[in-house]
Amino acid sequence: MRKAIGLDLAKFAGWCLGAPDETPLTGTFTLPETGRDVGRYLNAYADWFEMMLDYGKPALVAFEAPFLSNKSNLATSRKLIGLCNVTEQACSRRAIACTEVSVQTARKYFTGRGNAEPAQRIACARMFGVAATNEHEADAFGIWAYSLVAKVPDMMSRFNMGLLGMAARR
Numbered sequence: 007m008r009k010a011i012g013l014d015l016a017k018f019a020g021w022c023l024g025a026p027d028e029t030p031l032t033g034t035f036t037l038p039e040t041g042r043d044v045g046r047y048l049n050a051y052a053d054w055f056e057m058m059l060d061y062g063k064p065a066l067v068a069f070e071a072p073f074l075s076n077k078s079n080l081a082t083s084r085k086l087i088g089l090c091n092v093t094e095q096a097c098s099r100r101a102i103a104c105t106e107v108s109v110q111t112a113r114k115y116f117t118g119r120g121n122a123e124p125a126q127r128i129a130c131a132r133m134f135g136v137a138a139t140n141e142h143e144a145d146a147f148g149i150w151a152y153s154l155v156a157k158v159p160d161m162m163s164r165f166n167m168g169l170l171g172m173a174a175r176r
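Residues 7 to 176 (the numbering used here) are what the sequence shown spells out, left to right.
Following this line, the structure appears as structure tokens:
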């Protein structure tokens with residue numbers, strides 16, 4: 007399988023890019039402060055994401071399902087849902103497989119707990135040699151690994167997350 011991208015979508019968008027048989031790269035793209043201007047926010051993300059697709063040439067993109075709390079205002083909700091829409095649209099235009107992943111499901115698979123603390127998630131990523139510098143990059147790695155195991159079952163032995171999650175909690 008060619009490369010895959012895992013995305014933790016929010017104002018600080020964590021990303022993870024790599025092929026199943028290599029240690030992936032991670033990073034964070036910070037979206038601009040736009041207040042209620044959803045269009046400018048989504049344009050900034052779309053420009054960055056198109057560049058990532060050009061650079062990475064992935065066969066698969068997995069992104070975090072939007073998490074909307076009771077405290078989310080309308081602009082925030084529209085931005086989070088919009089990030090998902092832009093992701094799916096760009097993938098559709100390029101015929102790239104695209105899947106949505108619950109971040110709690112990825113965290114549970116990745117760390118053993120759906121509500122793992124940021125430090126635990128970062129430690130889990132680092133145990134695989136991934137240079138995650140923050141929780142957004144660690145979550146992107148978890149989404150990347152979880153989606154690869156779902157799409158490429160023979161990767162299960164490489165990403166034995168049950169043991170990893172237990173080790174990170176010690």
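Glycine residues also receive a C-beta, built at the ideal position from the N, C-alpha and C atoms.
All figures in this text were calculated on a predicted structure; none of them were measured in a lab.
Starting from residue 145, follow the alpha helix (DSSP H) in both directions and report where the run begins and ends. Taking the sequence shown and counting its residues from 1, one reaches residue 145 at position 139. First-last of the alpha helix (DSSP H) with residue 145: 141-157.
Does the segment 86-100 come close enough to the segment 113-127 to have 3 or more Cβ pairs within less than 8 Å? no
So residue 136 and residue 102 are in contact, right, with Cβ under 8 Å, and what is the actual spacing, rounded? Residue numbering aside, residue 136 sits at position 130 when the sequence shown is read from its first letter. Residue numbering aside, residue 102 sits at position 96 when the sequence shown is read from its first letter. Not a contact, Cβ separation roughly 22 Å.
Sort 147, 118, 142 by Cα distance to residue 131 and report the nearest one. If you number the sequence shown from 1, residue 131 lands on position 125. Out of 147, 118, 142, 147 has the C-alpha closest to the C-alpha of residue 131.
Euclidean distance between Cα positions of residue 91 and residue 129: Counting from 1 along the sequence shown, the entry for residue 91 is found at position 85. Counting from 1 along the sequence shown, the entry for residue 129 is found at position 123. Each residue's Cα considered, the two are about 31 Å apart.
For my contact list, residue 177 and residue 16 are in at a C-beta cut-off of 8 Å; report their separation, rounded to the angstrom. Nothing in the structure corresponds to residue 177, since the chain is present only between 7 and 176.
Confirm, please, whether the CB-CB distance from residue 22 to residue 141 is below 9 Å. In the sequence shown, residue 141 corresponds to position 135, counting from 1. In the sequence shown, residue 22 corresponds to position 16, counting from 1. No; because the gap between Cβ atoms is not below 9 Å, this pair is not in contact.
Buried or exposed: which applies to residue 85, given that a residue is buried once 16 or more other Cβ atoms fall within 10 Å of its Cβ? Taking the sequence shown and counting its residues from 1, one reaches residue 85 at position 79. Counting Cβ neighbours within 10 Å, residue 85 comes out buried, since at least 16 surround it.
DSSP three-state assignment for residue 17, whether helix, strand or coil: By one-based count along the sequence shown, residue 17 stands at place 11. Coil at residue 17, not helix or strand.
May I ask you to report which of helix, strand or coil DSSP gives residue 73? In the sequence shown, counting from the first residue as 1, residue 73 sits at position 67. Coil at residue 73, not helix or strand.
Are the beta-carbon atoms of residue 73 and residue 109 separated by less than 9 Å? Residue mapping note: residue 73 aligns to position 67 of the sequence shown, counting from 1. Residue mapping note: residue 109 aligns to position 103 of the sequence shown, counting from 1. Yes, the Cβ-Cβ distance between residue 73 and residue 109 is below 9 Å.
C-alpha distance - residue 77 paired with residue 83, whole-angstrom precision: For the purposes of this step, residue 77 is taken as residue 71 along the sequence shown, with counting starting at 1. For the purposes of this step, residue 83 is taken as residue 77 along the sequence shown, with counting starting at 1. Their backbone Cα atoms lie some 10 Å apart in a straight line.
Contact under 9 Å by Cβ, residue 10 with residue 157: By one-based count along the sequence shown, residue 10 stands at place 4. By one-based count along the sequence shown, residue 157 stands at place 151. Taking 9 Å as the Cβ cut-off, residue 10 and residue 157 qualify as a contacting pair.
Within the segment 104-142, ranges of the alpha helix (DSSP H) (whole runs, at least 4 residues): 109-117, 124-133
Identify every run of the alpha helix (DSSP H) within the segment 32-77, keeping only runs that are complete inside it and at least 4 residues long; order them along the chain. 44-62
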